[in-house]
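These notes are about the structure you will find just below.
Protein chains in written order, with my numbering: chain Y, 2 to 253; chain B, 83 to 368.
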């Protein structure tokens, strides 16, 4: 395995008395697509949210363990949480555009990190919209509100917005579950192109999607990591019984 | 269930809703018609453009310009003051205190309690504070009292709008690296502008229409206040004093004053609606 970008050690998460994530030990390699796979409700999304500490927003979440990103312990970090989050772009299950124009959606992250010159902003916004394959569709109406885009376009806008803060990691939480097949394809294709430059972590419960895009798989079931490793190994030669039955569809 | 019974049930509930709506509309219409019917004949340019002359309250000449100006000063002043406090509190409750749901609920409970306190109690409270500071009835004391009175209304109505924003938008904002204040003022506020405007309007309506809280604090005078330390007349009190006169002409003038007050609120409502539409375009539908 390559050098891990994210290294999770002994991660436990409780919501009240419920044990949601059970002793997770996972390594995520750099510049690959890592797919977190598993049935609904097994803690995939929660695991993703612990990475950029969105779990902080929920009162009854208790997290213990270590998450190292670039050798810094995310969970022990004091202050600087905004910088940590800027290193990770997030795509959520359904797109949440900001309540502003298309242009300002992409420029938002740049502005709050202090880049305010109009010419630079314009150049960068164009660049990131192109990277997210949205530029051609919106270049004539950059000042329209983001809410008038279709859901598929909104998701690509969110991708552009996430890329604009110049992250090292892209976290995607079932990014295509609300999208039509064509938009889903566009997002998947984008991930394949982007993995040369970014470490991408995708949560999905769609087996076929995992097969299409994954380099590396983390298979979860009921809050535990059952199996992890390269996608090739995982699909061709699963080690655990649970994995085998999940892959063959005889799972219940 | 047989289809016939369903139909009867449907008709039954439909008629209840229709009846309730009709009762409300009729009541409102009756109020407005009776105000206009008695007020319009007495309404004149003199009413709006002059202060009361000697003997105004006995049916002699003069107008209620003092009360109009006083009410405008008082309600705009207190609405602005309340806004300065309410917006940060409402945003704080929803952005900073997300981890402390219990505290937020306690705050909401007390605000609802304060909302229900009769305005005369605020008047008495304002009055006791005035006495403490050795102040006399003044525009300032009126503004402060009315501000206290409308703050719970404003905070809670803003809060009701802000709390409908889904957590996803909060997560999105944080994951882009925004701080809490950036999330509050750059994103939450933009999403809620129409709701915030409605909250301001609602509070303004209460401020301009309330008589009890200003009875002891703003006082009453026949002249237009020129500084914050002078007492000030207001439309609700002006209506009250004219209505309690035994002279029919003066009573009719009270209705004319009520017409003016109603028109004020109408103009404010319509313009607020217009402005909130202007800001509505960026709002994302959730």
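Idealized CB from N, CA, C, for every residue including glycine.
Where residue i sits in the DSSP three-state scheme
i, result
"residue 38/Y", "strand"
"residue 30/Y", "strand"
"residue 222/Y", "strand"
"residue 360/B", "helix"
"residue 89/Y", "strand"
"residue 205/B", "helix"
"residue 229/B", "helix"
"residue 73/Y", "strand"
"residue 44/Y", "coil"
"residue 210/Y", "helix"
"residue 178/Y", "coil"
"residue 306/B", "coil"
"residue 148/B", "helix"
"residue 230/Y", "strand"
"residue 67/Y", "strand"
"residue 19/Y", "strand"
"residue 179/B", "coil"
"residue 110/B", "helix"
"residue 251/Y", "coil"
"residue 265/B", "helix"
"residue 316/B", "coil"
"residue 5/Y", "strand"
"residue 298/B", "coil"
"residue 133/B", "coil"
"residue 340/B", "helix"
Residue i: CB within 7 Å of a non-hydrogen atom of the ligand PLP
i, result
"residue 96/B", "The model on display carries no ligand, and the ligand PLP is accordingly not part of it."
Of the listed residues the options, nearest to residue i (C-alpha basis)
i, options, result
"residue 164/B", "214/B, 274/B and 237/B", "237/B"
"residue 111/Y", "102/Y, 52/Y and 87/Y", "87/Y"
"residue 214/B", "130/B, 259/B, 299/B and 103/B", "299/B"
"residue 291/B", "278/B, 316/B and 267/B", "316/B"
"residue 254/Y", "42/Y, 60/Y and 6/Y", "Residue numbering for chain Y in the displayed model covers 2 to 253; residue 254/Y lies beyond these limits and cannot be assessed."
"residue 123/Y", "231/Y, 140/Y and 133/Y", "140/Y"
"residue 148/B", "194/B, 131/B and 199/B", "131/B"
"residue 14/Y", "225/Y, 241/Y, 246/Y and 229/Y", "225/Y"
"residue 219/Y", "18/Y, 32/Y and 48/Y", "48/Y"
"residue 46/Y", "129/Y, 222/Y and 239/Y", "222/Y"
"residue 292/Y", "199/Y, 236/Y, 229/Y and 230/Y", "This structure cannot settle anything about residue 292/Y, because the visible part of chain Y is limited to 2 through 253."
"residue 169/Y", "11/Y, 31/Y and 10/Y", "31/Y"
"residue 259/B", "115/Y, 12/Y and 244/Y", "115/Y"
"residue 137/B", "350/B, 331/B and 360/B", "331/B"
"residue 244/Y", "137/Y, 228/Y and 211/Y", "228/Y"
"residue 232/B", "279/B, 119/B and 160/B", "160/B"
"residue 340/B", "281/B, 323/B, 276/B and 355/B", "323/B"
"residue 22/Y", "106/Y, 201/Y, 66/Y and 178/Y", "66/Y"
"residue 126/B", "139/B, 111/B, 143/B and 112/B", "143/B"
"residue 127/Y", "246/Y, 105/Y and 173/Y", "105/Y"
"residue 367/B", "186/Y, 138/Y, 100/Y and 190/Y", "100/Y"
"residue 168/B", "239/B, 100/B and 295/B", "239/B"
"residue 108/Y", "148/Y, 153/Y and 163/Y", "163/Y"
"residue 16/Y", "172/Y, 10/Y and 51/Y", "51/Y"
"residue 309/B", "90/B, 151/B and 121/B", "151/B"
"residue 303/B", "123/B, 146/B and 114/B", "146/B"
"residue 377/B", "141/B, 111/B, 109/B and 112/B", "Absent from the structure is residue 377/B, since the part of chain B shown begins at 83 and ends at 368."
"residue 272/B", "362/B, 139/B and 170/B", "362/B"
Touch check for the stretch 36 to 48 of chain Y and the stretch 202 to 214 of chain Y: three-plus C-beta pairs under 8 Å?
-> yes
Give, in chain order, every residue of the stretch 246 to 260 of chain B whose Cβ lies closer than 9 Å to some Cβ of chain Y.
-> 248, 249, 250, 251, 252, 253, 254, 255, 256, 257, 258, 259 and 260
Positions along the stretch 222 to 244 of chain B whose CB lies within less than 9 Å of some CB in chain Y = none
The stretch 336 to 344 of chain B in contact with the stretch 257 to 267 of chain B per 3-pair CB rule at 8 Å | no
In the stretch 8 to 38 of chain Y, which residues sit with their C-beta less than 7 Å from some C-beta in chain B, listed in chain order?
-> none
Which of the residues in the stretch 59 to 78 of chain Y, read from start to end, lie with their CB under 7 Å from any CB of chain B?
-> 60
On the three-pair Cβ rule with 8 Å, is the stretch 65 to 73 of chain Y touching the stretch 104 to 121 of chain Y?
-> no
Can you find at least 3 beta carbon pairs, one from the stretch 89 to 106 of chain Y and one from the stretch 148 to 162 of chain Y, that sit closer than 8 Å?
-> yes
Count the C-beta pairs between the stretch 171 to 188 of chain B and the stretch 242 to 260 of chain B that are closer than 8 Å, then say yes if the count reaches three, no if not.
-> yes
Taking only runs of the alpha helix (DSSP H) that begin and end inside the stretch 100 to 155 of chain Y, which ones reach a length of at least 4 residues, in chain order?
-> 103 to 113, 119 to 132 and 136 to 139
Using Cβ-Cβ distances below 9 Å, what residues of the stretch 347 to 359 of chain B are close to chain Y?
-> none
Taking only beta carbons into account, state which residues of the stretch 95 to 127 of chain Y come closer than 8 Å to chain B, listed in chain order.
-> 95, 97, 98, 99, 100, 101, 102, 109, 110, 113 and 114
Could you tell me whether the stretch 264 to 278 of chain B touches the stretch 343 to 351 of chain B, where touching means 3 or more Cβ pairs closer than 8 Å?
-> no
Scan the stretch 145 to 159 of chain Y for residues whose Cβ lies nearer than 8 Å to a Cβ of chain B and list them as they occur along the chain.
-> 146, 147, 148 and 159
Using a beta-carbon distance cut-off of less than 7 Å, what residues from the stretch 262 to 281 of chain B approach chain Y?
-> 264, 269, 272 and 273
Compile a chain-ordered list of the residues in the stretch 160 to 190 of chain B whose CB is closer than 9 Å to at least one CB of chain Y.
-> 180, 181, 182, 183 and 184
Evaluate the contact criterion for the stretch 144 to 153 of chain Y versus the stretch 181 to 200 of chain Y: three or more CB pairs, one atom per stretch, below 8 Å.
-> yes
In chain order, what residues of the stretch 83 to 102 of chain B put their CB closer than 9 Å to some CB of chain Y?
-> none
Would you call the stretch 186 to 193 of chain B and the stretch 218 to 231 of chain B in contact, with 3 or more CB pairs under 8 Å?
-> no
Contact residues within the stretch 180 to 214 of chain Y, judged by C-beta distance below 9 Å to chain B = none
For the stretch 47 to 58 of chain Y, enumerate the residues whose C-beta is nearer than 7 Å to any C-beta of chain B, in chain order.
-> 53, 55 and 58
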